[in-house]
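Protein chains in written order, with the working numbering: chain A, 421 to 970; chain W, 421 to 970. Notes follow the structure.
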């Protein structure tokens, strides 16, 4: 390649810029040189270095959640890609349009099983992406990347992988960047009027309808429509159940908000018609005896992804459409019909949820209890606060207690990808600088991505991490308790003890302002200090190691 | 399952015990309860908890390297497996018999795409394992695991994956554990006499033969045979080149030792016959113009894995056999022939290697230089020290300077799996408690598995970590320098800066005794303190961030 020619790496950068991508989250190696070199000429394009790929991908996920736009992670060979997969799984379930680029050794080295080569690297990503493609010609790079970016944004949105061999990136690329305006997905799908009519009829004649708000409601900007529908019906709304929860679809401050979905709740069990709007039905944790739907209730499932409807259990009415359009049509359809008289039990249902604090950890002298921590945290969450939740044992308690104003007051993951919150918080803060971001992690989850702290410090991303440190993999002990074997009889829990880690000291080692607390009532003062401190901060709060969760 | 019945989990533990497995490296979740529960009755079986799967697998790799026996890692679902893959790649290249067990959700949840389920989890492991199998029936668990353990130990040895669904592990399993003695691989393969004769003839008539010692020489206990052959021939021996290096096959203290293989070295370039014994030929880092063999030299490749011979470039003679048997036969064949007169240039070649210190980092005031660190480290390595090398920029310098007495004085990886050394050092120490273990890491590599420090502290595994902290991904900057574009012209290296991390503070946060140094001459005193301290220790030494490697 002569100096006047454009490199493949530069063509890749130009394609990203054309799509409006202004930063990349990366953990690079030698194979990314051509791209990195091209960025030197573009000071408006930010290379965010992460010292572990899990952080690059979870930050990209958070960024995509926060902006609703593309986010790009650029990793190094199959080993870098492998390190990111658990967190890519979180992006998949959140339907985040994260494009993962992976630098590969030159083709000749790939066939020679050279350094950091395995056959067919993209296959590793397959369980987590919509599509994977390794570019084969330098001149195809703009088109291949353009296609990947378009595909990530095409509904159902989600991660896409592109492999970029070093030889192509270093070679001259003559082809122009396609015009993204001709490719950018804009079309929303409207519902089939027949299904809308059927759904409206069911809802209009229901005695006690229930609306369930899924993550897609917020992602498709359908919150106001769901609020309006709920008010039109006088029906209570719950957010998705904990195992499926990604982000709220209905504001917890609304009088019709009635908590979290759970078919076993008495006030859910007697509902005769349930509309699941943009929900995943369901993410099961244990083998179900039956679908998590009350006996005899009729099920309406609205989802923008046709693949979700009837995926596991059958429905009475399935509506495939953009949630915003569909909810609006559903409401106008109801306007032409006699609606229900209004559900006088909404307030009671809401009160029941709010009053029931769930199974409470026992009070024990000298050790703080996670319920107290959750209460203290709830009081610290402001309207413009985004909470990123990544705590296994205390996750359910936090979800129940913390305010949930969509689209951005609460983000979590249903992926089981521990440590996701460490990077996701960074991406959400970069995406929404006007919001405060508080990431709440368990000490176990924290250990899966401590390296995010360096990124926070290096790029002065003012996230506040709250690590609830019970010095335990309490979830493991809880599983042994459920198993009910020798361990529980003897009170010996192999795999539980995670004691002796000073999370605050680790944070300081990464250059993050950190405090360790032993009492929940110290949280407000500590948070005030964290808020006053420029840059990121971490608060570690020690809790009862013997509490294994509900 | 009734209380008197044996669970699948217990059957799995019994199978491991029958094979002599006495510990498992694990990062468990709820799906591992049945197995963990069974371990409570076996205090002689150790559950080593790791707070990240990369540590579990690299520790198992180190343990397998140290013992030459099976090592087992037990992970949690596809997300746990994904987190381990980069380090599983290191086990693959070291041919370590690491069996990776992965707990999966019950079958019904797998088909329901339940929590932490993806289809066909074992496919994720495929690039890194010899075989992957998910057990389908509880009664098959002992047989399936028995087969996996056998397969990992069967030449060519290497990692094997087994998926264990929670429903099978919780169910009753009635089948007995197979008798491992009927399955344990014991047979070694002897070479075809014709190839041995051809090789002997080439070596006997060579004017300047060269022997290259590969990792398989140490793994198959063939070091003494290689020494004897070298002495019989009066031929110099070099260890594998840096990119392929896993462990030495020839003692650097032997007078015939002449450094590291590199076809461009003047004293290698004139060799007329080269025997590659147990080597991987080759692991290429950049697109080769040609094979890394001197013009006109004849190539004999001996390897226990038939797949290695002629894998990339052709050979003159290929011998497939256990390296120990083959080297012994080769020597007796040479006894019947006129050998070479002896190579009077061996001493000169050795001297040339030892005198050439390689490209030296420039001396700069106020910042230490990695060559000085390597020299200081070399003086601290004793006969009973195992060095685990995992430093990208300084790896070549360390390999050149540190003593290499096989089988255990030096272990490294050719996998590009950064952070491997953090866990591998733990496994090697547990395998060989009588040896001192010093793990030398770059700060970049350290960041890929800091969680290993907790394992070292928690289980009091007295490894000494030496982290060479140049506050840089110097390898990225070096790649930009090689690329020769805008970055090098402007002296701007995106993706290089990793400043502001206090590694010693992080180590203290994990409960590890830690010191930060600024001068190599402080190393002996710091090492004395580390050695005197019970339990693990870490020494961080700051070096020049502007040195980008040779």
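Beta carbons are placed, not taken as given, at the ideal position from N, Cα and C, and that holds for glycine. Remember, predicted model here, so these are calculated numbers, not experimental data.
Contact list for residue 837 of chain A against chain W, beta-carbon separation under 7 Å: Here residue 837 of chain A is taken as the residue at index 417 of the first chain, counted from 1. The answer, in chain order, is 499.
Alpha carbon of residue 460 of chain A to alpha carbon of residue 498 of chain A, nearest angstrom: Start at 1 with the first residue of the first chain, and residue 460 of chain A comes out as number 40. Start at 1 with the first residue of the first chain, and residue 498 of chain A comes out as number 78. So the two alpha carbons sit approximately 26 Å from each other.
Where the beta strand (DSSP E) through residue 806 of chain A begins and ends: Against the first chain, residue 806 of chain A aligns to sequence position 386. Per DSSP, residue 806 of chain A belongs to the beta strand (DSSP E) from 805-810.
Beta carbon of residue 639 of chain W nearer than 9 Å to that of residue 823 of chain W: Here the question's residue 639 of chain W lines up with position 219 in the second chain. Here the question's residue 823 of chain W lines up with position 403 in the second chain. No, they are not a contact pair.
Through-space distance from residue 643 of chain W to residue 431 of chain W, alpha-carbon basis: The residue labelled residue 431 of chain W in the question sits at position 11 within the second chain. The residue labelled residue 643 of chain W in the question sits at position 223 within the second chain. Using only the alpha carbons, I get a separation of about 39 Å.
Span separating the alpha-carbon of residue 901 of chain W from that of residue 553 of chain A: Here residue 901 of chain W refers to the residue found at position 481 of the second chain. Here residue 553 of chain A refers to the residue found at position 133 of the first chain. Per the coordinates, the alpha-carbon of residue 901 of chain W lies some 29 Å from the alpha-carbon of residue 553 of chain A.
Own chain residues within Cβ distance below 7 Å of residue 451 of chain A, not counting five before or after: Translated into the one-based positions of the first chain, residue 451 of chain A becomes position 31. Excluding residues within five positions, the ones whose Cβ falls inside 7 Å are 496, 497, 523, 524, 525 and 586.
Endpoints, alpha helix (DSSP H) assigned at residue 721 of chain A: Counting from one through the first chain, the residue named residue 721 of chain A turns up at place 301. For residue 721 of chain A, no alpha helix (DSSP H) segment is defined; the enclosing uninterrupted segment is the beta strand (DSSP E) at 718-723.
Validate contact between the region 848-863 of chain A and the region 929-943 of chain A using beta carbons, cut 8 Å, 3 pairs: By the C-beta criterion, the region 848-863 of chain A is judged not to be in contact with the region 929-943 of chain A, since fewer than 3 inter-stretch pairs fall below 8 Å.
Continuous beta strand (DSSP E) assignments of at least 3 residues falling wholly in the region 821-884 of chain W: Runs of the beta strand (DSSP E) inside the region 821-884 of chain W: 830-832 and 856-862.
Straight-line Cα distance separating residue 425 of chain W from residue 594 of chain W: As a position in the second chain, residue 594 of chain W is number 174, starting the count at 1. As a position in the second chain, residue 425 of chain W is number 5, starting the count at 1. Linking residue 594 of chain W to residue 425 of chain W through their CA atoms gives a straight-line distance of about 8 Å.
Where residue 729 of chain W meets chain A, residues with beta-carbon distance less than 9 Å: Translated into the one-based positions of the second chain, residue 729 of chain W becomes position 309. Simply none; closest approach about 14 Å.
Whole beta strand (DSSP E) elements within the region 467-523 of chain A, 3-residue minimum: Along the length of the region 467-523 of chain A, whole beta strand (DSSP E) runs at least 3 residues long occupy 491-496, reported in chain order.
Under 7 Å by beta carbon: chain A residues contacting residue 503 of chain W: Counted from its first residue, the second chain places residue 503 of chain W at position 83. Under the 7 Å cutoff, chain A gives 506.
Those residues which DSSP pairs with residue 961 of chain A across a bridge: Indexing the first chain from 1 puts residue 961 of chain A at position 541. The beta-bridge partner set that DSSP reports for residue 961 of chain A consists of A/888 and A/937.
Distance between beta carbons of residue 664 of chain A and residue 834 of chain A, contact taken as under 8 Å: For the purposes of this step, residue 834 of chain A is identified with residue 414 of the first chain, where counting begins at 1. For the purposes of this step, residue 664 of chain A is identified with residue 244 of the first chain, where counting begins at 1. For residue 834 of chain A against residue 664 of chain A, the beta-carbon gap comes to about 5 Å, under 8 Å, which counts as contact.
Contact belief for residue 478 of chain W with residue 815 of chain W at Cβ below 8 Å, rounded distance in angstroms: Residue numbering aside, residue 478 of chain W sits at position 58 when the second chain is read from its first letter. Residue numbering aside, residue 815 of chain W sits at position 395 when the second chain is read from its first letter. The Cβ separation is near 16 Å, so there is no contact.
C-beta neighbour in chain W for residue 529 of chain A, strict 9 Å: To locate residue 529 of chain A, count along the first chain from 1; it is residue 109. Closer than 9 Å: yes.
Collapsed DSSP secondary structure at residue 729 of chain A in the structure displayed: The residue given as residue 729 of chain A occupies position 309 in the first chain. Correct three-state label for residue 729 of chain A: coil.
Residue 464 of chain W classed as buried or exposed, judged by whether at least 16 other C-beta atoms fall within 10 angstroms: The residue given as residue 464 of chain W occupies position 44 in the second chain. A residue is called buried once 16 or more other Cβ atoms fall within 10 Å of its Cβ, and residue 464 of chain W, having fewer, is exposed.
Contact set between residue 800 of chain A and chain W, taken where Cβ atoms lie within less than 8 Å: For the purposes of this step, residue 800 of chain A is identified with residue 380 of the first chain, where counting begins at 1. Per Cβ cutoff of 8 Å: no residues; residue 800 of chain A is ~25 Å from chain W at best.
Contact with chain A by residue 456 of chain W, beta-carbon distance below 9 Å: On the second chain, residue 456 of chain W is found 36 positions in, with the first residue counted as 1. Yes - at least one Cβ of chain A is within 9 Å of the one on residue 456 of chain W.
Cα-Cα separation, residue 925 of chain A to residue 841 of chain W: Start at 1 with the first residue of the first chain, and residue 925 of chain A comes out as number 505. Start at 1 with the first residue of the second chain, and residue 841 of chain W comes out as number 421. Near 23 Å, if we compare the C-alpha coordinates of residue 841 of chain W and residue 925 of chain A.
Interfacial residues, the region 689-716 of chain A to chain W, with Cβ spacing under 7 Å: Cβ contacts with chain W come from 703, 704, 705 and 707.
Cross-chain neighbours of residue 445 of chain A in chain W, by beta carbon under 8 Å: Taking the first chain and counting its residues from 1, one reaches residue 445 of chain A at position 25. For residue 445 of chain A, no chain W residue has a C-beta closer than 8 Å to its own C-beta; the minimum C-beta separation is roughly 11 Å.
Contact set for residue 559 of chain W: own chain, Cβ-Cβ below 8 Å, skip 5 residues either direction: Residue numbering aside, residue 559 of chain W sits at position 139 when the second chain is read from its first letter. So the list reads 593, 594 and 595, once near-sequence residues are dropped.
Which of helix, strand or coil DSSP assigns to residue 557 of chain W: Within the second chain, the letter at position 137 stands for residue 557 of chain W. In this structure, residue 557 of chain W counts as coil in the three-state DSSP scheme.
Chain-ordered neighbours of residue 459 of chain W on chain A, where CB pairs are closer than 8 Å: To locate residue 459 of chain W, count along the second chain from 1; it is residue 39. Residues of chain A whose Cβ lies closer than 8 Å to the Cβ of residue 459 of chain W are, in chain order, 914.
Unbroken alpha helix (DSSP H) run spanning residue 766 of chain A, endpoints: Locating residue 766 of chain A in the first chain gives position 346, counting from the first residue. Residues 766-775.
Cβ pair count under 8 Å reaching 3, the region 537-550 of chain A against the region 618-625 of chain A: These segments do not touch.
For residue 928 of chain A, the three-state DSSP class (helix, strand or coil): Your numbering for residue 928 of chain A matches position 508 in the first chain. Shown here, residue 928 of chain A sits in a helix according to DSSP, grouped into three states.
Extent of the continuous alpha helix (DSSP H) to which residue 643 of chain W belongs: By one-based count along the second chain, residue 643 of chain W stands at place 223. Note, residue 643 of chain W: alpha helix (DSSP H), 643-653.
Local conformation of residue 564 of chain W per DSSP, three classes: Locating residue 564 of chain W in the second chain gives position 144, where the first residue counts as 1. Here residue 564 of chain W sits in helix by DSSP.
Per DSSP, cross-strand counterpart(s) of residue 631 of chain W: Taking the first residue of the second chain as position 1, residue 631 of chain W is located at position 211. Residue 631 of chain W is bridged to W/657 and W/695.
Identity of the residues DSSP links to residue 971 of chain W by a beta bridge: Outside the shown range of chain W, which is 421 to 970, sits residue 971 of chain W, and nothing can be said about it.
Residue range of the unbroken beta strand (DSSP E) whose run includes residue 443 of chain W: Numbered from its first residue, the second chain carries residue 443 of chain W at position 23. Bounds of the beta strand (DSSP E) holding residue 443 of chain W are 443-446.
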